[in-house]
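Q: In the working numbering, the protein residues as written are 2 to 121. What follows is a structure written as structure tokens; I'll ask about it next.
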Ligand code: HEC
């Protein structure tokens, strides 16, 4: 009988735990590759493309702002883009067409972004 309980634990809970564990080191690599052009190599919103953008890329080191966003909100904006969150469409949707990121890769990015404003 008890194995059923463990099966339920494994199926229901473990993916949830895995989902919440982003790998910040992997996120950093992707960030430098895909995000730094706009957000800057250190996430300050000062990438080489930033001066040309009418809406400035978010400064991820701005803890006062970033702390107000839940991990889920950051995840969703990276996956679905700025427009879907009522923000600037200049922030691309990375869950869409190539270079498409997996949920795990986006989770890694969220973990990395969290380190920029000082991990709690
Ligand atoms: C083409 C330029 C560009 C690229 C590339 C880009 N962003 Fe952005 N991003 C923006 C802009 C512009 C905003 C600001 C949107 C606003 O404030 O309306 C933004 C905002 C954000 C925000 C904050 C949303 C908020 O609530 O204010 C997050 C998080 C973010 N970007 C993550 C990323 C990640 C992660 C990547 C790489 C996978 C990335 N961005 C790549 C332009 C870009």
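Note that beta-carbon positions come from the ideal geometry of N, C-alpha and C, so glycine has one too.
1. Determine the burial state of residue 65: buried for a count of at least 16 other Cβ atoms within 10 Å of its Cβ, exposed for fewer.
2. Taking 8 Å as the CB-CB cut-off, is residue 46 touching chain B?
3. Please classify residue 115: does DSSP put it in a helix, a strand, or coil?
4. What separation, rounded to the nearest whole angstrom, lies between the Cα atoms of residue 3 and residue 12?
5. Closer than 7 Å to a non-hydrogen atom of ligand 1 - does that hold for the CB of residue 81?
6. For ligand 3, is there any heavy atom lying closer than 7 Å to the beta carbon of residue 103?
7. Please report how far the alpha carbon of residue 81 lies from the alpha carbon of residue 104, in whole angstroms.
8. Compare the Cα-Cα distances from residue 68 to each of 7, 114, 5 and report the closest residue.
9. Does the beta-carbon of residue 52, which I'm using as the reference point, lie nearer than 7 Å to any heavy atom of ligand 1?
A: The structure says:
1. By the neighbour-count rule (16 or more Cβ atoms within 10 Å), residue 65 is not buried but exposed.
2. The question asks about chain B, but that chain is absent: this structure has only one protein chain.
3. If DSSP states are grouped into helix, strand and coil, residue 115 belongs with the helices.
4. Distance between the alpha carbons of residue 3 and residue 12: 14 Å.
5. No, Cβ of residue 81 sits at least 7 Å from all heavy atoms of ligand 1.
6. With respect to small molecules bound, the structure shown includes ligand 1 and not ligand 3.
7. Near 11 Å, if we compare the C-alpha coordinates of residue 104 and residue 81.
8. Distance check between residue 68 and each of 7, 114, 5 places 114 closest, using alpha-carbon atoms only.
9. Answer for residue 52: no, Cβ out of range of ligand 1.
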